[in-house]
Amino acid sequence: MYEWHSRTRGIKASLATGFLILIGMTVLWVVFELDDFRTANLASEHSIEETLSAAVRNQLAKLWRSQAHFGQRADTLSSVAPDVVDEGNQTHSGAKKELKHRPRVFDMILLNDELDTLEIRLNELHSVVDVFFIMEAGYTFSGKPKPLYFSDNETRFRQFRDKIVHVTIPHLSPDDEKQYVQDGGWANEKFARNIGFKIATDARKPNDGDWIIVSDLDEIPKRSFLETVKAPNPDTDIGRRLLEGFPESDGDVLKLGCRFYYYSYEYRHRGDWYGPTLMRYRDPDSPIFTRPGSDPYPGLDMIQHIMENDWADAGRRLRDRDVGNTPYFDGQCHHCTWCFSNITAVIRKMQSYSHTEHSQSTYTNKKWILDHFSQGIDLFDRGDEIYDYVEDNQDLPQYIRDNSEKFSFMLRRKGLANAGFIDVDPTNPLAE
Numbered sequence: 169m170y171e172w173h174s175r176t177r178g179i180k181a182s183l184a185t186g187f188l189i190l191i192g193m194t195v196l197w198v199v200f201e202l203d204d205f206r207t208a209n210l211a212s213e214h215s216i217e218e219t220l221s222a223a224v225r226n227q228l229a230k231l232w233r234s235q236a237h238f239g240q241r242a243d244t245l246s247s248v249a250p251d252v253v254d255e256g257n258q259t260h261s262g263a264k265k266e267l268k269h270r271p272r273v274f275d276m277i278l279l280n281d282e283l284d285t286l287e288i289r290l291n292e293l294h295s296v297v298d299v300f301f302i303m304e305a306g307y308t309f310s311g312k313p314k315p316l317y318f319s320d321n322e323t324r325f326r327q328f329r330d331k332i333v334h335v336t337i338p339h340l341s342p343d344d345e346k347q348y349v350q351d352g353g354w355a356n357e358k359f360a361r362n363i364g365f366k367i368a369t370d371a372r373k374p375n376d377g378d379w380i381i382v383s384d385l386d387e388i389p390k391r392s393f394l395e396t397v398k399a400p401n402p403d404t405d406i407g408r409r410l411l412e413g414f415p416e417s418d419g420d421v422l423k424l425g426c427r428f429y430y431y432s433y434e435y436r437h438r439g440d441w442y443g444p445t446l447m448r449y450r451d452p453d454s455p456i457f458t459r460p461g462s463d464p465y466p467g468l469d470m471i472q473h474i475m476e477n478d479w480a481d482a483g484r485r486l487r488d489r490d491v492g493n494t495p496y497f498d499g500q501c502h503h504c505t506w507c508f509s510n511i512t513a514v515i516r517k518m519q520s521y522s523h524t525e526h527s528q529s530t531y532t533n534k535k536w537i538l539d540h541f542s543q544g545i546d547l548f549d550r551g552d553e554i555y556d557y558v559e560d561n562q563d564l565p566q567y568i569r570d571n572s573e574k575f576s577f578m579l580r581r582k583g584l585a586n587a588g589f590i591d592v593d594p595t596n597p598l599a600e
């Protein structure tokens, strides 16, 4: 009898211990999830009870998804499973799964002065991007001094501050100055991208398998695509492609295609645009380099080459899309170029960016700019650059759709005397 009671007490104690462990795990899940909710809730009216409830529901959904995808390829499990994968289990191919973290997304942003576009990008992607690297220099690509616009306007973006790493790019070295004379503004841009990439990843180092976005500021990946990259859904075409892998790069480098607009989302450029590059960050000792079947690997070869050079040429090479034959996803980003709210910014860009051949008095003439913006004609008279008018276009970021009056200059320019510029009087557009 004593032995029976002793066993009963032991069972009860085990059950109680298990229950306490379950509660502890749930609390930890909620704490981790609250970190994801923190930025989104800064301006929210939700109570802490509502936030906790949402966090628990979200974690349970993640657990369900991870079980549903159990058995996928080892190198894709980090995208669909909880933060750590059990090393002892086997995949359907019999290979051991590696210990993986849930991949994060790092967004590399090179800023000149496009604060409206930065606002759109941050709001559009804040729920799916984990770290925004905002890189800016105290000089333009054409070599002229300029303010640090993010530093001067930091309060405008304070709701995203916990996700932002601000990087100040130093001036060119004397050797780089010589290269600048040969290459014009492009040397400045290459230097800014490369040194900015290195400083940023040293300041907040990604983990092996994390995703890095390299693009121009106005090339905005679609939020839905990044959500799929972080947690592929096998019920979608993109999710299946990501889960099945790619013989040409194994999915370590992806290229996105954009619908391409000029001046506003009214004028679509004929022909699409190769936009952002997404790349997995790899450590030198990453298991993927020694995994059976990992050689040859064009995508990995590129990453390994950059990595062996201490990522010295990463920013330039990824931006130039010098990534070989890697998977391409069409229509997965938004791109609206020269979409400025004021005509002053248009002139400033012509005088500051890498295309120094565009800094001419013909192109900076006020009437010239107004006519070309309001009629959808190429600003530099390039005969092969043709834009088609799209009425009531719906292919635009959700944040613009939700704030259509604030960003009316990105939606309505056709036929307007002031071409939609807020610093031009529509009743007297040529007044100085």
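For the sequence shown, the working numbering assigns the number 169 to the initial residue and increments by one for each residue that follows.
Cβ atoms here follow ideal geometry from the backbone N, Cα and C, with glycine treated the same way.
The shortest C-alpha to C-alpha distance from Arg408 to any of Phe497, Asp386, Asn356 and Tyr431 is the one to Phe497. Counting C-beta pairs closer than 8 Å gives fewer than three between the stretch 357-375 and the stretch 392-410, which falls short of the contact rule.
In this chain, the beta strand (DSSP E) harbouring His437 covers Tyr435 to His437.
In the structure shown, Tyr531 adopts helical secondary structure according to DSSP, grouped into three states. Glu387: member of the beta strand (DSSP E) spanning Glu387 to Pro389, first to last residue.
In this structure, the CA atom of Thr336 is about 5 Å from the CA atom of Glu304. DSSP, read as helix, strand or coil, puts Ala305 in strand. When the beta-carbon positions are compared, Phe577 and Ser432 come within less than 8 Å of each other. In the three-state DSSP reduction, Leu316 falls in the coil class, being neither helix nor strand.
Around the CB of Lys358, 16 or more other CB atoms lie within 10 Å, so the residue is classed as buried. Contact between Leu385 and Leu286 holds, since their C-beta atoms are separated by about 6 Å, short of 8 Å. If you check the CB distance, Pro389 and Gln500 come in under 8 Å.
Only residues of its own chain outside the window of five on either side were considered, and among them Arg436 have a CB closer than 6 Å to the CB of Asp556, listed in chain order. Within the DSSP secondary-structure output, Phe328 pairs in no beta bridge. In terms of Cβ geometry, Thr512 and Asp593 do not form a close pair [threshold 8 Å].
Bridge partners of Thr505 according to DSSP: Tyr430. It is roughly 14 Å from the alpha-carbon of Phe428 to the alpha-carbon of Ser383. Counting along the chain, no alpha helix (DSSP H) covers Ile380; the unbroken beta strand (DSSP E) around it starts and ends at Trp379 to Val382. For His334, the beta-bridge partners assigned by DSSP are Ile302. If one requires a minimum length of 3 residues, the beta strand (DSSP E) runs lying completely within the stretch 545-599 are 555-557, in chain order.
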